[in-house]
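K.L.:
Under this note's numbering, think of the first position of the sequence shown as 1, with each following residue one higher. I'd like to ask you about the structure that follows.
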Amino acid sequence: VKASALYDEVERAVTAGDVTRIERSLADMKDKFGGTQFAQHASLLAAKGLQAQGKSEAARAALTGVIESASDLAYRDVARLRLAGLELDAKSYDQALKQLGAEFTPSMAGLAADLRGDVFQAKGQAAEAIAAYQQAWKLLADTVEYRRLVQAKLNALGVDPQASSTTETKK
1 VKASALYDEV ERAVTAGDVT RIERSLADMK DKFGGTQFAQ HASLLAAKGL
51 QAQGKSEAAR AALTGVIESA SDLAYRDVAR LRLAGLELDA KSYDQALKQL
101 GAEFTPSMAG LAADLRGDVF QAKGQAAEAI AAYQQAWKLL ADTVEYRRLV
151 QAKLNALGVD PQASSTTETK K
């Protein structure tokens with residue numbers, strides 16, 4: 001109950017855009033309830049709020065904390081994806097690829113491959129981007145709407161994933 005109340009405080013601070021309150025309430029959460037999923041979820045939320053307020057280093061620290069201490073693999077994967085996105089935005093491509101080189105759960109592997117393609121695209125490495133996007137295409141389920149975005153990225157690079165899937169099935 002106390003962890004839930006403290007999580008609500010983090011949420012209110014993020015909604016208000018109050019960096020000092022975000023940092024203070026997150027520190028309290030980690031100090032008092034660091035082993036709970038509330039703490040990991042609060043860290044993800046705080047990182048989003050901190051990034052929105054231009055506090056990239058504090059957001060990185062919050063995400064790194066989740067990566068290092070998450071008991072739930074889904075939280076760890078989300079933190080890695082978000083951290084890689086921060087690094088991509090900062091043009092720290094090697095750091096982004098380092099985060100995306102980790103092993104992801106099957107449900108997140110397609111998203112990681114897509115983001116890896118974005119990093120390679122930003123680096124000007126079209127062949128590597130195409131390979132990463134093709135991997136994402138294969139890993140994302142047919143029913144996932146996100147797959148259309150990956151298809152658009154591949155199409156922009158001159159690749160039709162549906163044609164290559166059909167070719168592979170015929171072989």
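Yeah, the Cβ is synthetic: ideal placement off N, Cα and C, and Gly gets one too.
Go to Asp18, then tell me how far its alpha helix (DSSP H) extends in each direction, as first and last residue.
P.N.:
Asp18: not part of any alpha helix (DSSP H); DSSP gives it neither H nor E.
K.L.:
Would you mind sorting Ala16 into buried or exposed? The rule is 16 or more other CB atoms within 10 Å of its CB.
P.N.:
Exposed is the call here.
K.L.:
Is the Cβ-Cβ distance between Leu100 and Ala79 less than 9 Å?
P.N.:
Contact flag unset, no.
K.L.:
In whole angstroms, what separates the C-alpha of Ala131 from that of Gly34?
P.N.:
39 Å
K.L.:
Can you tell me which of the three DSSP states Gln125 falls into?
P.N.:
Gln125: coil per DSSP, three-state reduction.
K.L.:
Tell me which same chain residues have a C-beta within less than 6 Å of the C-beta of Thr167, skipping the five on either side of it?
P.N.:
Note that Thr167 has pLDDT 44, beneath the 50 cutoff, so the model's placement of it is unreliable and no number is given.
K.L.:
Please go through the same chain and pick out, in chain order, the residues whose beta-carbon is closer than 6 Å to the beta-carbon of Asp77, but skip the five residues on each side of it.
P.N.:
Answer for Asp77: Phe104, Thr105 and Met108, listed in chain order.
K.L.:
Please classify Gln53: does DSSP put it in a helix, a strand, or coil?
P.N.:
coil
K.L.:
Determine the DSSP secondary structure at Asp185, reduced to helix, strand or coil.
P.N.:
Here the chain comprises residues numbered 1 to 171, so residue 185 is not present and cannot be evaluated.
K.L.:
Taking the beta carbon of Ala102 as the centre, do at least 16 other beta carbons fall within 10 Å, making it buried, or is it exposed?
P.N.:
exposed
K.L.:
Grab me the residues of Leu6's own chain with a C-beta within less than 8 Å of its C-beta, minus the 5 sequence neighbours each way, in chain order.
P.N.:
Ser25, Asp28, Met29, Lys32, Phe33, Phe38 and Ala42
K.L.:
Are the CB atoms of Val19 and Gly49 within a distance shorter than 9 Å?
P.N.:
Cβ distance < 9 Å, so Gly49 and Val19 count as in contact.
K.L.:
By how many angstroms is the C-alpha of Gln95 removed from the C-alpha of Ala112?
P.N.:
Cα to Cα, the separation comes out at about 14 Å.
K.L.:
Can you list, in chain order, the residues of its chain with a C-beta nearer than 8 Å to that of Leu88? Leave out the 5 residues immediately preceding and following it.
P.N.:
Ala96, Leu115, Asp118, Val119 and Ala122
K.L.:
Please report how far the alpha carbon of Glu11 lies from the alpha carbon of Ala90, in whole angstroms.
P.N.:
As the crow flies, the alpha-carbon of Glu11 is around 26 Å from that of Ala90.
K.L.:
Going by beta carbon distance, what residues of the same chain come within less than 6 Å of Arg147, once the five residues before and after it are set aside?
P.N.:
Correct list, in chain order: Leu140.
K.L.:
CB-CB under 7 Å to Pro161, same chain, minus the five flanking residues each way: which ones, in chain order?
P.N.:
For Pro161, same chain residues with a beta-carbon under 7 Å away, outside a window of 5 residues either side, are Gln134, Trp137, Gln151 and Leu154 in chain order.
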